[in-house]
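All remarks here apply to the structure that follows.
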Amino acid sequence: MTVLDLNQAEELAASEARYWADLEVTLRRVFSTEPGVAERYRRGLIDASPLQRALALHDHALDVAASLTGMPLTADRVALYDDMISASARPERIVRHVPATGTQPEGILSSARRDMSAPMVTVMTLNKLMGELGYHRLTISSGVAHLQLERKAWKRPLPKRLDMETLPGLTADREEVYGLDRVLNVLSGLQEFARRRKSASSIITRIEKMKARLLKAHPSAP
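Okay, structure coming up:
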């Protein structure tokens, strides 16, 4: 079991982000529970001390999911969880497919496990970047973090709603964050979406400049 250093805020935030993502997918795929269960549990720990939050991260996601749902840990559920973990450890590829109907970019964002060594990007910074593209601030509802495109920007070659793959993590100072690699991946997905909708769109160049700004702000990024 990894021992977390409470003095390393970035390490704690990265561990929290990974933990909540694992718990969320366990609740959804293994226990078929309604959205929002993991988020309610996470919000309940916001006022906890860094030590209490770190201790919570040592609870196995499968045990926590069973406790939150009140469902027993059957052999079938354990096997389903093991299969899920084994599948997530395999090399992933970015699937670039845009549905024929609708504007949801389902499938264009990588589902690869997040690089836990990546620097953190605050949700505030993410909101500023996405605001430049015409999106409202990040919203969490029904256990899903998403961004909604403002009506005045609907003519842009961008999805009207963008669902994040995971919920944001929390730093020791209770600041919501995403890994830099995850934010870059989202921007790359939007570029691909825009390129397929309108290859000559200035949005593509604008997003490339955003990515360059992020990398410049984090020179230590791998």
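Just so we're aligned, residue 107 is where the sequence shown starts under the numbering used here, counting upward by one.
Virtual Cβ for every residue (Gly too), placed ideally from N, Cα, C.
* Residue closest to Thr139, alpha-carbon to alpha-carbon, out of Arg124, Ala154, Val170, Asp287 -> Val170
* Does the Cβ-Cβ distance between Asp269 and His242 come in under 8 Å? -> no
* Cβ contact (3+ pairs, closer than 8 Å) linking the stretch 229-244 and the stretch 270-286 -> Taking a cut-off of 8 Å for Cβ pairs, the stretch 229-244 and the stretch 270-286 touch, as three or more such pairs fall below it.
* Asked: For Pro311, which of helix, strand or coil comes out of DSSP?
  -> According to the sequence displayed, residue 311 carries Thr and not Pro. For Thr311, the three-state secondary structure derived from DSSP is helix.
* Would you tell me roughly how many angstroms separate the C-alpha atoms of Ala123 and Leu179, rounded to the nearest one? => Rounded to the nearest angstrom, the two C-alpha atoms are 24 Å apart.
* Asked: Which residues does DSSP pair with Ser247 in a beta bridge?
  -> According to DSSP, Ser247 bridges with Val250.
* Would you grab the beta carbon distance between Thr132 and Leu168 for me? Rounded to a whole angstrom, and I think it's under 8 Å. => Indeed, because the Cβ distance is near 6 Å, the residues count as touching under 8 Å.
* To do: Look at the alpha carbon of Gly150 and the alpha carbon of Val143, and state the distance between them as a whole number of angstroms.
  => Whole-angstrom Cα-Cα distance: 11 Å.
* Measure from the alpha carbon of Ser307 to the alpha carbon of each residue in Lys261, His324, Arg280, Met226, then state which is nearest. => Lys261
* **Assigned secondary structure, Arg316 (DSSP; H/G/I helix, E/B strand, else coil)** => Before going further, note that residue 316 is Met rather than Arg in the sequence given. Residue state, collapsed to three classes: helix.
* Asked: Where do the N-terminal and C-terminal ends of the alpha helix (DSSP H) with Gly237 fall, by residue?
  -> 229-239
* Could you tell me which of Val184, Asn233, Leu296, Ala185 sits nearest to Pro263, measuring between CA atoms? => Leu296
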